[in-house]
């Protein structure tokens, strides 16, 4: 079995394990909500439910992104990985918005003097221990498989981070709920009925950062933003080494990251005639060298030109960034 086939197999197994684990946590969250009446535990279950759906989609996408370009998808399937992260982030933001609106409604009712039902805390300890342990196991599995597959799978890295965040949120929520009886003092007793609503607000605030960051990164990739400066610098070094000694001038280059793949376009001005076989060989060498340096799949293209598309208005030739 080739290394690529083994990596795909490891990724698929990890994602399938995530589907099962998140399904168990979703069911546990809903059952805990029914038994305790806690909206915070319901939000935890909804978060796991989103991860079940995202893991199912990720499993399908992981099979697609390794396929070569074809007539139907002439630029490849890598964009599906970025779109997956984008839409998954939007769904998570919707779940968080539901939690915020629900808790705000509870706080408004409490402010108006409505009676807030008390919580049943007996099942909370068992739920917290079981789900937190399962979350950490899932995070460890995804991170391990991400490293085993070359640290290039955006799908596994995203799922691992989600599981780690879910573990921290579940543990914090459970401990806070179990500490509710400690609020029965003259000073804090009025807050006891709204502890659950306050917890939902706190959990939602913590959860917001990850999907917002993922949404920003996925939008940047899908919209065609250049790779980060570190990747550009490393790519430039590889290109300068690869093109040195050849009778040509590198006019410019661009690097765009889309999912796990980097797209490199090199604009060169030949100083002597080049045949197509030489250009093809140069492209293949750039593919291999950049892929080895960046540690991810690379698709390169070499374009012959005296004026690259990205240039200033002055007639002087501009060096590559």
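Numbering (my numbering), first residue to last: 56 to 376.
Here a beta-carbon is modelled for each residue, glycine too, at the ideal position from N, C-alpha and C.
None of the values given here were measured: they were computed from a predicted structure.
Residue burial classification, residue 73 (beta-carbon count within 10 angstroms, cutoff 16): Burial of residue 73 is indicated by the presence of at least 16 other C-beta atoms within 10 angstroms of its C-beta.
Closest Cα partner of residue 223 within the set 187, 197, 208: In terms of Cα proximity to residue 223, the closest of 187, 197, 208 is 187.
Separation of residue 342 from residue 80, as counted between CA atoms: Distance from the CA of residue 80 to the CA of residue 342, rounded to the nearest whole angstrom, comes to 42 Å.
Neighbour-count burial assignment, residue 312, 16 or more Cβ in a 10 Å radius: Around the beta-carbon of residue 312, 16 or more other beta-carbon atoms lie within 10 Å, marking it buried.
Closest by C-alpha distance to residue 291, when choosing among 211, 302, 306: Checked all of 211, 302, 306; the closest Cα to residue 291 is 306.
Neighbour-count burial assignment, residue 197, 16 or more Cβ in a 10 Å radius: Flag for residue 197 reads buried.
Residue(s) in a DSSP beta bridge with residue 311: Residue 311 is bridged to 318.
Stretch pair the segment 284-302 + the segment 252-272: three plus CB contacts closer than 8 Å: Flag = no, the segment 284-302 and the segment 252-272 do not touch.
Beta bridge counterpart(s) of residue 356 as assigned by DSSP: Beta-bridge pairing links residue 356 to 320.
Strand pairing of residue 303, partner residues [DSSP]: The beta-bridge partner set that DSSP reports for residue 303 consists of 325.
Whole-angstrom distance between residue 346 and residue 111, CA atom to CA atom: So the two alpha carbons sit approximately 29 Å from each other.
Cβ-Cβ distance between residue 250 and residue 235 below 7 Å: The answer is yes: Cβ separation under 7 Å.
Contact under 7 Å by Cβ, residue 314 with residue 66: No, these two residues do not count as a Cβ contact at 7 Å.
Extent of the continuous alpha helix (DSSP H) run through residue 134: Segment 134-166, the alpha helix (DSSP H) holding residue 134.
For residue 80, three-class secondary structure by DSSP: The answer is helix: DSSP assigns residue 80 an H, G or I state.
Residues near residue 277 by beta carbon distance below 7 Å, same chain, minus five either side: Once the five neighbours on either side are set aside, the close Cβ partners of residue 277 are 134, 137, 138, 141.
Cut-off 6 Å between Cβ atoms - residues of its own chain near residue 85, not counting five sequence neighbours on either side: Taken in chain order, the residues that qualify are 100.
Inter-residue spacing [alpha-carbon to alpha-carbon] between residue 155 and residue 125: The straight-line gap from Cα to Cα measures roughly 45 Å.
Touch test, the segment 154-172 against the segment 347-356, Cβ-Cβ under 8 Å, three pairs minimum: These segments do not touch.
Inter-stretch contact at 8 Å, needing at least 3 Cβ pairs: the segment 86-96 / the segment 174-188: Yes: at least three Cβ pairs fall under 8 Å.
Cutoff 7 Å: residue 143 Cβ touching any chain D Cβ: Given the protein chain composition of this structure (a single chain), no chain D is represented.
Alpha-carbon to alpha-carbon, residue 193 and residue 365: Using only the alpha carbons, I get a separation of about 45 Å.
Proximity of residue 70 and residue 104 at Cβ, strictly below 7 Å: Not closer than 7 Å, so no.
Whole-number beta carbon distance between residue 266 and residue 148, since they are thought to touch under 8 Å: Confirmed, Cβ separation roughly 5 Å.
Buried or exposed (CB count within 10 angstroms, at least 16 for buried), residue 369: The pLDDT assigned to residue 369 is 44, lower than 50, so where the model puts this residue is not dependable; a value taken from the coordinates is nonetheless given after this. It is exposed - the Cβ of residue 369 has fewer than 16 other Cβ atoms within 10 Å.
Meets three-Cβ-pair contact criterion under 8 Å: the segment 314-331 and the segment 356-365: Flag = yes, the segment 314-331 and the segment 356-365 touch.
As assigned by DSSP and simplified to three states, the class of residue 172: Three-state DSSP puts residue 172 in coil, outside helix and strand.
Through-space distance from residue 352 to residue 68, alpha-carbon basis: Residue 68 and residue 352: Cα-Cα distance of roughly 21 Å.
Buried/exposed call for residue 214, threshold 16 Cβ in 10 Å: So residue 214 counts as buried.
Closest by C-alpha distance to residue 317, when choosing among 207, 78, 174: Per the Cα distances, 207.
Range covered by the alpha helix (DSSP H) that runs through residue 297: In the DSSP assignment, residue 297 falls within the alpha helix (DSSP H) that extends over 284-298.
Extent of the continuous alpha helix (DSSP H) to which residue 203 belongs: That run of the alpha helix (DSSP H) goes 179-203.
Where the alpha helix (DSSP H) through residue 210 begins and ends: For residue 210, the enclosing alpha helix (DSSP H) starts and ends at 209-233.
CB-CB length for residue 326 against residue 303, believed under 8 Å: Indeed, because the Cβ distance is near 6 Å, the residues count as touching under 8 Å.
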